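Per this note's numbering, the very first residue in the sequence shown carries number 185; after that it's consecutive.
The structure appears below as structure tokens.
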Amino acid sequence: MKQIFTFLILILGLGVCSGVQAQVDAVQKLDAVILSDSKLKNYAAGIKIEKLTDSVLKNNATSLTNLLAFNSNIYFKENGAGMVSSPSFRGTTASQTAVIWNGININSQLNGQTDFNTVNTSNYSSIDIRSGGGSVQYGSGSIGGSIHLNNDLTFTDHVETRLKTGYGSFNSKNLGVNSSFGSEAWTANIGVDYVDSDNDYKYLGTDSVNENGEFHNLNMNVNLGVFISDKDILKLYHQSYIGERNFSGTLVGPSRSKYEDENFRSMLEWSRIIGKFSSRLKVVHLHEMFKYFENKDKDNYSLGRVNTLLINHSFNVSFNEKLQFKTILEYSNSKGNGDSFKEPVRNVFSTTALLNHKPNNSISYGVNLRQDFTTGGERPFVFSVDAGFDLFEHYQIQINGSKNYRIPTFNDLYWQPGGNLDLVPESSYQIDLGQNFNYPNFNVKLNGYYINTEDMIQWQPNSTGLWSPINIGEVASYGAEVEVKSHYNINEHQFNVSGHYSYTVSEDLETNKQLIYVPFHKGNLALAYNYKVVTVFYQHMFNGGVFTTADNLEGRFTSLSGFDVGNMGCNYTFFKNTKNELEIGVTLKNIFNEVYENVAFRPMPNRNFNIQINYKF
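Encoded structure:
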């Protein structure tokens, strides 16, 4: 394998760059250095993208679930705090939201999802939320939208280390260190975080507590970059997650189960930039593994494991400042083994073409095409068209339409008993219209969308009572979203306000019923005030009621009521200069002691606190 990799680098480097002598443009060089996913910036003229700022990341818990629940339009259902967490993005299912790590889709090959409570946000440079279909650029599952976890590398002279430690209710502890250092020729970023909690919160309104809910996990990120010439950059990205958690019981039944899982992701990237041309080769290894113990006190468990090797090559041509074109070739090989699905293998090859054109300073549009070739299955062809129009100084219109897809997972195809080898990929068409009002201290985004998905894969009991997946569903999801952000400074007083609201209809077209665990209404609001060394903030989230059964009946056993949850906190900086900074923060969560459930009969925590100490040097 090592010899093949070396040979590919030599051939692609010579083929792409031979005969080109132009000087590297400074701006283009900067983008190539710090961005791991340039598609997100350069080929999305008509796409709604929200970037979460450093201050937002700092004032939120390290769980990706909590971060996005309070700072986006995405709805989450959790099987209790810290347990399995899955999103509903624009009314779609959890397997129709893609998670992108430095440009690579990392959704599980087993169930097609990412558990958002296994993603620690501490060691990412930025997190972006891309709304709407993105299968052309990011592959299977990018139907409702995608979440982008970015490790941006900066080539400047710098040395900085951050230490973080915290303690909170339910004997919750966290410890983390992140160090970044480098020069104009090389750079490195290393981060390690450990989280541990007894998670034994009280079930409000009862005499019970959350038994068997303890968990701990370890996250590590290592990111390196080096210029091997004035035109070539090598980057290495690695992320490890090792977790163990007991699965909480419910209000109606205890649990003794335990779940161990690990995810290892490594990517070697070689970028070559010469004038108008750039070539990027990525070689990626993804490993996922789980062990499920029905009884944590016994050594009997079920096992599942998948290893994926992925090779991705992109070639970009910037003909001028107004026209650029990119091609992407990608091959992936996934091999699994487990107690319930033996040893499945999947090979996928895809070809992608992206075009972005700016006819003038007011109009930008893109046309994107992708063809997949998949082992033993249909060959999805998808496309997208998007455009942005700057009609006035502070007013922009964005529009996009696309076809997207999701291929059946290993569990869907091979799980025994119940897997179905006759499944076909889900197919989705959608359109999105957005209006953006941009002022120096005030921004508003209004979006309306419609998504139609055919051949939905649903697990249902057959005539023998055995659960098995079939292509049966056709779902229409449509709605409206509002995003508001404002910031204002009066001398040394800084005020920040942000909010989101979404109205979502996601209905089975056969029954005209709302899908389960999709609220019609969801909103959140964040307020922050800073004066010199003090920051005070408040967060509020409202989730409307949801149905928990397909018949859409109101009742304790068929629906959940809506709820409001508020958090507030204060951060104080004891000293701050160019080299050192010490900050202590206190956060009170669920300050109104709201009784609520994200999943039926699985209560969420009562009022609780967390204390954080951050030291930068």
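All C-beta atoms in this analysis are idealised placements derived from N, C-alpha and C, irrespective of residue type, glycine included.
These numbers were taken from a predicted model, which means no experiment stands behind them.
Item                                                                                                                                                                                 : Value
Can you check the stretch 308 to 340 for any beta strand (DSSP E) of at least 3 residues that lies completely inside it and give the ranges in chain order?                          : 310 to 315, 329 to 334
For L487, count the other beta carbons within 10 Å of its own beta carbon; 16 or more makes it buried, fewer makes it exposed. Which is it?                                          : exposed
So, for F567: in the same chain, excluding its five sequence neighbours on each side, which residues have a beta-carbon less than 6 Å away from its beta-carbon?                     : L553, K587
Is the Cβ-Cβ distance between G360 and N383 less than 7 Å?                                                                                                                           : no
By Cβ distance, which residues of its chain are closer than 6 Å to D380, with the 5 residues on each side in sequence left out?                                                      : K357, H400
For N802, count the other beta carbons within 10 Å of its own beta carbon; 16 or more makes it buried, fewer makes it exposed. Which is it?                                          : Missing from the structure shown is residue 802; the chain here goes from 185 to 801 and no further.
For A369, I'd like the list of residues in its chain whose CB is within less than 6 Å of its CB, leaving aside the five on either flank, ordered along the chain.                    : F411
Check this for me: beta carbons of S745 and T732, under 7 Å apart or not?                                                                                                            : no
Could you name each continuous beta strand (DSSP E) segment of 3 residues or more that falls completely within the stretch 376 to 448, going from the start of the chain to the end? : 399 to 411, 416 to 430
Since Q614 contacts G316 with CB under 8 Å, what's their CB separation in whole angstroms?                                                                                           : 6 Å
Which complete beta strand (DSSP E) runs does the stretch 731 to 797 hold, if anything under 3 residues is left out?                                                                 : 747 to 760, 765 to 773, 781 to 783
With 16 as the cutoff for other CB atoms within 10 Å, does W651 come out buried or exposed?                                                                                          : exposed
Check K519 in the structure and name its three-state DSSP category.                                                                                                                  : strand
Counting only runs of 3+ residues fully inside the stretch 610 to 638, write out the beta strand (DSSP E) ranges in chain order.                                                     : 610 to 623
If you run the structure through DSSP and keep just helix, strand and coil, what is A228?                                                                                            : coil
Given this structure, state the Cα-to-Cα distance separating V393 from D312, to the nearest angstrom.                                                                                : 36 Å
I'd like to confirm the pairing. Which residues does DSSP put opposite T371 in its beta bridges?                                                                                     : G366, G409
Can you grab the Cα-Cα spacing for the pair P789 / N774, in whole Å?                                                                                                                 : 8 Å
Who are the near neighbours of G323 in its chain, counting only those whose CB is closer than 6 Å to its CB and skipping five residues on each side?                                 : N289
Taking the beta carbon of P787 as the centre, do at least 16 other beta carbons fall within 10 Å, making it buried, or is it exposed?                                                : buried
Roughly how many angstroms separate the alpha carbons of I635 and L493, rounded to a whole number?                                                                                   : 32 Å
Relative to the C-alpha of P624, which candidate in Y672, E667, V659 has its C-alpha closest?                                                                                        : Y672
Going by beta carbon distance, what residues of the same chain come within less than 6 Å of N792, once the five residues before and after it are set aside?                          : S353, K773
Is it buried or exposed for P543, if we count other Cβ within 10 angstroms and need 16 for buried?                                                                                   : exposed
Per DSSP, which residues does R456 bridge with? Please list them.                                                                                                                    : D416, S463
Just curious, the alpha helix (DSSP H) that K242 is in, first and last residue?                                                                                                      : 238 to 242
In the structure shown, what three-state DSSP assignment does L597 receive?                                                                                                          : helix
How is A223 classed by DSSP in three states: helix, strand or coil?                                                                                                                  : Looking at the sequence shown, residue 223 is not Ala but Lys. Helix.
By a C-beta neighbour count over all protein chains shown, 10 Å radius and 16 as the cutoff for buried, is I795 buried or exposed?                                                   : exposed
Count the other CB atoms within 10 Å of the CB of S319; is the residue buried (16 or more) or exposed (fewer)?                                                                       : buried
Judging by CA-CA distance, which residue of S309, I654, Y633 is the nearest neighbour of W643?                                                                                       : I654
Can you tell me where the alpha helix (DSSP H) with L294 in it begins and where it stops?                                                                                            : Segment: none, L294 is in no alpha helix (DSSP H) and carries neither H nor E.
Rounded to the nearest angstrom, what separates H422 and M404 at their Cα positions?                                                                                                 : 8 Å
With three or more C-beta pairs closer than 8 Å as the rule, is the stretch 680 to 698 touching the stretch 268 to 282?                                                              : yes
Nearest-angstrom Cα distance between D616 and G585?                                                                                                                                  : 6 Å
On a Cα-Cα basis, can you pick out the residue from N484, L699, V702 that is closest to R440?                                                                                        : N484
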